[in-house]
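Undergrad:
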Amino acid sequence: MPERRLFVCTNQKSGIGEAVAKALKKELKAQGVKTMLADGRKLHTRIQTCSCLDRCEHCKKGPGAALVVYPDEIYYNDVQPKDAACVVASLAASAKK
Ligand code: FES
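Quick note: the sequence shown uses this note's numbering, first residue 162, plus one each step.
#1: On the three-state DSSP scale, how would you describe Val-194?
#2: Answer yes or no: the CB of Gln-173 versus the heavy atoms of the ligand FES, is any distance below 7 angstroms?
#3: Check whether the Cβ atoms of Cys-170 and Leu-228 lie closer than 8 angstroms to each other.
#4: Do Ala-246 and Glu-179 have their C-beta atoms closer together than 8 angstroms?
#5: Pairing CB atoms from the region 192-199 with CB atoms from the region 210-217, are three or more of them under 8 angstroms?
#6: Can you give me the C-alpha to C-alpha distance between Ala-256 and Val-230, rounded to a whole angstrom?
#7: Might you give, ordered along the chain, the residues of its own chain that have their beta carbon closer than 7 angstroms to the beta carbon of Ala-184, omitting 5 neighbours on each side?
Written out as structure tokens, the structure is:
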């Protein structure tokens, strides 16, 4: 089954990256899109934590965390836990194309 992975930087002292990853996992379940259809095929989405994504001006030095979506190569900057619903909704919408 094809996979989409969201890598969330957890290289901040504040711990916001871990909080963002947790919120994204919760939101995937809440919106029922952990596995979704994309181009007629099932697409599974996984949330993973990682170290620096070289977006530090929008992560370690900002109010949130940086994350990247693979294989789409979409970057989100300054993501906070309250943004998880919007990020997940955006991924679900793009999968329906
Ligand atoms: S510390 Fe998060 S992108 Fe560099």
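For each residue, glycine too, the CB sits at the ideal point set by N, CA and C.
TA: In short, the structure shows the following:
#1: coil
#2: Of the heavy atoms belonging to the ligand FES, at least one sits nearer than 7 angstroms to the Cβ of Gln-173.
#3: yes
#4: Against a cut-off of 8 angstroms, the Cβ pair of Glu-179 and Ala-246 comes out as no contact.
#5: no
#6: Rounded to whole angstroms, Ala-256 to Val-230 spans 12 angstroms at the Cα level.
#7: Pro-242, Ala-245
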